[in-house]
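Participant:
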Amino acid sequence: MSVGILGTKLGMTQIFDEVGNAIPVTVIQAGPCVVTQVKTKQTDGYSAVQIGYKEVAAKAINRPEMGHLAKAEAPPLRHLQEYRTAGSDDFQLGQQLGADRFEAGQLVDVAGTSIGRGFAGYQKRHNFRRGPMSHGSKNHRAPGSTGAGTTPGRIYPGKKMAGQMGSERVTIRKLQVVQVDAERSLLLIKGAVPGKPGALVSIAPTNQVGRK
Amino acid sequence: MNAEAIIRSIEAKHIKDDLPEIYVGDTIRVGVRIQEGGKERIQPFEGTVIAMRNGGISESITVRRVFQGVGVERVFLLHAPRVANIQVLRRGKARRAKLYYLRDRVGKATRLKQRFDRAL
Numbered sequence: 012m013s014v015g016i017l018g019t020k021l022g023m024t025q026i027f028d029e030v031g032n033a034i035p036v037t038v039i040q041a042g043p044c045v046v047t048q049v050k051t052k053q054t055d056g057y058s059a060v061q062i063g064y065k066e067v068a069a070k071a072i073n074r075p076e077m078g079h080l081a082k083a084e085a086p087p088l089r090h091l092q093e094y095r096t097a098g099s100d101d102f103q104l105g106q107q108l109g110a111d112r113f114e115a116g117q118l119v120d121v122a123g124t125s126i127g128r129g130f131a132g133y134q135k136r137h138n139f140r141r142g143p144m145s146h147g148s149k150n151h152r153a154p155g156s157t158g159a160g161t162t163p164g165r166i167y168p169g170k171k172m173a174g175q176m177g178s179e180r181v182t183i184r185k186l187q188v189v190q191v192d193a194e195r196s197l198l199l200i201k202g203a204v205p206g207k208p209g210a211l212v213s214i215a216p217t218n219q220v221g222r223k
Numbered sequence: 007m008n009a010e011a012i013i014r015s016i017e018a019k020h021i022k023d024d025l026p027e028i029y030v031g032d033t034i035r036v037g038v039r040i041q042e043g044g045k046e047r048i049q050p051f052e053g054t055v056i057a058m059r060n061g062g063i064s065e066s067i068t069v070r071r072v073f074q075g076v077g078v079e080r081v082f083l084l085h086a087p088r089v090a091n092i093q094v095l096r097r098g099k100a101r102r103a104k105l106y107y108l109r110d111r112v113g114k115a116t117r118l119k120q121r122f123d124r125a126l
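Heads up: the sequence lines are chains L and Y, in that order.
With the first letter of the first sequence counted as 1, position 2 gets the number 13 in my numbering; the numbers rise by one all the way through.
With the first letter of the second sequence counted as 1, position 67 gets the number 73 in my numbering; the numbers rise by one all the way through.
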């Protein structure tokens, strides 16, 4: 339950560490974000921090949203996201958050929308094997059996079938921050993150499950 | 600054600008940094460049040599700090971009004609 930051995926490259190993990194433009609302137990029943990211023209934002942002004296912002807090953190309205919230070596969770693959078949979506392509076979990419016959007389729920693949919210956990460029508010994170370059991603300190 | 320019500027810190011009077919000597027991030394690896892969910071070459009757191929990331230096020993004449056919040859058949129109 710690406050993260929103950013834009810029693309991937590789850099060399001090030992000389090549490390694949994703470059993320993290912030600058603005605290647009601070929710507390007294006023909202739970404590959280809402941050905004990506300054846009005023005409891109409707008036209720503008009114909400005006309370924090924030510029017009496209994306708003809330992070639950333990309640003890001190955030002020209008406070600026940048990449300097993170440090090299820290583990983070990166969430975003994965690349959409549209309506995908069995092989692409669930890694089914294909049928023989020749020798008179007409069973090329068909699914095979989907279950028994008269008993049970139906297909069990959860059966893997063709359908929409990708374009869903995905969180990649425990990625390592390799480098922080506070000046340009850039984060270099080891490994891949969801989405294509230009995608909106949320970077938060990793959620350690089961640890007190 | 757009995304492309930002990524290039990050890579720029790691890209070497003192690399010699290398072509497929050249015989080169690569100095490889090796760390053993807290001491660092440079081990040379000599062989023929049989493939090159472009791609900015991930530019790489494949160097092949036959050592004690066994073919050894090493892929070097040109901009890696482990590659201490590269020296071109001989320019070879190659008519294709990838010399994988050399893997099927032994002895005299692996020789490449030398070319003299490129400076060492």
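Ideal Cβ positions, reconstructed from N, Cα and C, are used throughout, including at glycine.
1) Determine whether the Cβ of L/Val191 lies closer than 8 Å to any Cβ atom of chain Y.
2) Less than 8 Å between the CB atoms is what I'm expecting for Y/Ala90 and Y/Ile21, so what's the real figure, rounded?
3) Starting from the beta carbon of L/Ile26, find every residue of chain Y whose beta carbon is closer than 9 Å, and list them in chain order.
4) Going by C-alpha to C-alpha distance, which of L/Ala122, L/Leu80, L/Thr51, L/Tyr57 sits closest to L/Lys65?
5) Evaluate L/Thr51 with the Cβ neighbour count: other Cβ atoms within 10 Å of its Cβ, from every protein chain shown; 16 or more gives buried, anything less gives exposed.
6) Rounded to whole angstroms, what is the Cα-Cα separation between Y/Arg39 and L/Asp28?
7) Considering Cα atoms alone, identify which of L/Gly177, L/His137, L/Gln187 is closest to L/Leu169.
8) Measuring CA to CA, which of Y/Val69, Y/Gly62, Y/Asp110 is closest to Y/Asp23?
9) What residues are listed by DSSP as bridge partners for Y/Lys45?
10) Please tell me whether L/Pro43 has its Cβ less than 8 Å away from any Cβ of chain Y.
11) Determine, using beta carbons only, whether L/Gly22 comes closer than 8 Å to chain Y.
12) Cβ atoms of Y/Pro50 and Y/Gly31: under 8 Å apart, would you say?
13) Do we get a CB-CB distance below 8 Å when we pair L/Gly2 with the residues of chain Y?
14) Tell me whether the beta-carbon of L/Gly63 lies closer than 8 Å to the beta-carbon of L/Ala33.
15) Counting only runs of 3+ residues fully inside the stretch 129-201 of chain L, write out the beta strand (DSSP E) ranges in chain order.
16) Does the stretch 176-186 of chain L come within contact of the stretch 150-162 of chain L, defined as at least 3 CB pairs closer than 8 Å?
17) Under 6 Å Cβ to Cβ from L/Arg128, same chain only, skipping five residues before and after it: list those, please.
18) For Y/Asn8, tell me which candidate among L/Val220, L/Gly209, L/Asn218 has the shortest Cα-Cα distance.
19) Spatial neighbours of Y/Thr54 within its chain, please: C-beta separation below 6 Å, excluding the five flanking residues on both sides.
20) Where Y/Lys104 and L/Gly142 are concerned, what is the direct C-alpha to C-alpha distance, given to the nearest angstrom?
21) Could you tell me the alpha carbon to alpha carbon distance between L/Val46 and Y/Pro87, rounded to whole angstroms?
22) Would Y/Leu118 be called buried (16 or more neighbouring beta carbons within 10 Å of its own) or exposed?
Facilitator: Walking through what the data contain:
1) Looking up residue 191 of chain L in the first sequence gives position 180. Judged by the 8 Å Cβ criterion, L/Val191 is not in contact with chain Y.
2) Translated into the one-based positions of the second sequence, residue 90 of chain Y becomes position 84. Translated into the one-based positions of the second sequence, residue 21 of chain Y becomes position 15. Actually they are not in contact, since the Cβ atoms of Y/Ala90 and Y/Ile21 sit about 16 Å apart, beyond 8 Å.
3) Locating residue 26 of chain L in the first sequence gives position 15, where the first residue counts as 1. The answer, in chain order, is Ile16, Glu17, Lys19, His20, Ile63.
4) The residue you call residue 65 of chain L lines up with position 54 of the first sequence. Checking every option, the nearest Cα to that of L/Lys65 belongs to L/Leu80.
5) Counted from its first residue, the first sequence places residue 51 of chain L at position 40. Result: exposed.
6) Taking the first residue of the second sequence as position 1, residue 39 of chain Y is located at position 33. Taking the first residue of the first sequence as position 1, residue 28 of chain L is located at position 17. Taking the straight line from one Cα to the other gives about 14 Å.
7) For the purposes of this step, residue 169 of chain L is identified with residue 158 of the first sequence, where counting begins at 1. The displayed chain sequence assigns Gly, not Leu, to residue 169 of chain L. Out of L/Gly177, L/His137, L/Gln187, L/His137 has the C-alpha closest to the C-alpha of L/Gly169.
8) For the purposes of this step, residue 23 of chain Y is identified with residue 17 of the second sequence, where counting begins at 1. It is Y/Gly62 whose Cα lies nearest to the Cα of Y/Asp23.
9) Within the second sequence, numbered from 1, the residue matching residue 45 of chain Y stands at position 39. DSSP output for Y/Lys45 lists Y/Glu42 as bridge partner(s).
10) Counting from one through the first sequence, the residue named residue 43 of chain L turns up at place 32. Not closer than 8 Å to any Cβ of chain Y, the Cβ of L/Pro43 fails to qualify, so no.
11) In the first sequence, residue 22 of chain L corresponds to position 11, counting from 1. With 8 Å as the cut-off, L/Gly22 counts as an interface residue toward chain Y.
12) Locating residue 31 of chain Y in the second sequence gives position 25, counting from the first residue. Locating residue 50 of chain Y in the second sequence gives position 44, counting from the first residue. Contact: no.
13) Lying before the first or after the last residue shown, residue 2 of chain L is absent from chain L, which here runs from 12 to 223.
14) Your numbering for residue 63 of chain L matches position 52 in the first sequence. Your numbering for residue 33 of chain L matches position 22 in the first sequence. Going by C-beta atoms, L/Gly63 is not nearer than 8 Å to L/Ala33.
15) 129-131, 174-176, 180-192, 197-201
16) no
17) Taking the first sequence and counting its residues from 1, the one referred to as residue 128 of chain L is at position 117. Closer than 6 Å at the Cβ level, and outside the excluded window around L/Arg128, lie Met176, Gly177.
18) Residue 8 of chain Y sits at position 2 when you count from the first residue of the second sequence. The candidate whose alpha carbon is nearest that of Y/Asn8 is L/Gly209.
19) Numbered from 1 along the second sequence, position 48 holds the residue referred to as residue 54 of chain Y. Contacts found: Thr33, Arg70.
20) Walking along the second sequence from the start, residue 104 of chain Y turns up at place 98. Walking along the first sequence from the start, residue 142 of chain L turns up at place 131. Distance between the alpha carbons of Y/Lys104 and L/Gly142 is about 35 Å.
21) Taking the first residue of the first sequence as position 1, residue 46 of chain L is located at position 35. Taking the first residue of the second sequence as position 1, residue 87 of chain Y is located at position 81. So the alpha carbons of these two residues sit roughly 42 Å apart.
22) By one-based count along the second sequence, residue 118 of chain Y stands at place 112. Buried, because 16 or more other Cβ atoms sit within 10 Å of the Cβ of Y/Leu118.
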